[in-house]
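Asker:
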Amino acid sequence: MARLADEVIERIKRDISLVRLVESQGYALKKHGKDYSLSCPFHDDKTASLIITPATNLWHCMGACQKGGSVIEWVMQTQGVSFRFACELLQKDLGLITEAPNKAPTKNTTTKLTPPLAANADSQTALKQVIDYYHDTFKQSPEVQEYLRSRGLEHAELIERFKLGFANRTLGYRLPEKNRKAGAELRGTKI
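Each residue of the sequence shown is one higher than the one before, starting from 1 at the first, in full-length UniProt numbering.
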């Protein structure tokens with residue numbers, strides 16, 4: 001895939017109004033002198049700590065996350081997409097890219113999986129949900145069950161009593177992205 005030209009990137013940053021983009025996404029901006037402010041959507045924010053400066057078309061959070069950037073970084077953060085895809089989305093808004101008329105609309109091939117953990121669960125409940133998830137993964141994996149049988153661990157009451165499980169690294173695929181508020185809360189980190 002070809003690299004985006006610096007001129008295209010600069011045109012996106014210059015010609016797309018960050019204020020209009022943020023307002024179009026449903027955020028309420030408050031005029032603050034020459035700048036605008038809003039509650040930062042990337043962390044728990046009770047005060048309007050995110051500042052947008054129309055003169056430079058940049059944004060910066062003065063609160064906990066300290067994130068900032070141009071319209072491209074804004075789209076990357078709010079949509080959870082890569083730099084290149086954010087540029088493509090913004091180019092479509094600018095009219096630099098148009099969809100081919102004979103091209104069928106593409107569908108997102110990423111399957112949304114329901115997370116096995118409740119977002120508001122306390123530590124003990126979350127731990128129990130993780131244990132249950134890995135126990136179910138074990139039950140659905142004949143190869144792992146065969147391995148335990150070969151090691152002499154084949155009693156059903158043993159498996160059920162101690163909730164033997166199989167951690168096949170699929171739990172992370174079912175959790176919300178870590179750069180999202182829900183994903184950060186589940187992982188116990190701050191964005």
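Quick reminder that beta carbons are idealized off the backbone N, C-alpha and C, glycines included. Every value quoted in this text rests on a predicted model; they were computed, and no experiment measured them.
1. Do Asn57 and Leu18 have their C-beta atoms closer together than 7 Å?
2. Which parts of the UniProt domain "Zinc finger CHC2-type" (36-91) are runs of the beta strand (DSSP E), unbroken and 3 residues or longer, counting only runs that do not cross its ends?
3. Any idea what DSSP makes of Lys34, helix, strand or coil?
4. In the DSSP assignment, the alpha helix (DSSP H) including Lys163 goes from what residue to what residue?
5. Run through the segment 118-151 for me and flag every whole alpha helix (DSSP H) of 4 or more residues, listed as ranges in chain order.
6. Evaluate contact between the segment 58-74 and the segment 29-48, counting only Cβ atoms and requiring at least three cross-stretch pairs below 8 Å.
7. Just to confirm the assignment, what range does the alpha helix (DSSP H) spanning Ile12 have?
8. When DSSP labels each residue in this structure, what does Lys20 get in the three-state scheme?
Answerer: So, from the listed chains and residues:
1. Within the sequence shown, the letter at position 57 stands for residue 57. Within the sequence shown, the letter at position 18 stands for residue 18. For Asn57 and Leu18, yes; Cβs fall inside 7 Å.
2. 50-53 and 58-61
3. As a working mapping, residue 34 is identified with position 34 in the sequence shown. The answer is coil: DSSP assigns Lys34 none of H, G, I, E or B.
4. Numbered from its first residue, the sequence shown carries residue 163 at position 163. No alpha helix (DSSP H) contains Lys163, which DSSP labels as neither H nor E.
5. 123-139 and 142-150
6. yes
7. Residue mapping note: residue 12 aligns to position 12 of the sequence shown, counting from 1. Run containing Ile12: Asp6 to Asp15, per the alpha helix (DSSP H) assignment.
8. Here residue 20 is taken as the residue at index 20 of the sequence shown, counted from 1. The sequence given here places Arg at residue 20; Lys does not occur at that position. Reduced to three states, the DSSP call for Arg20 is helix.
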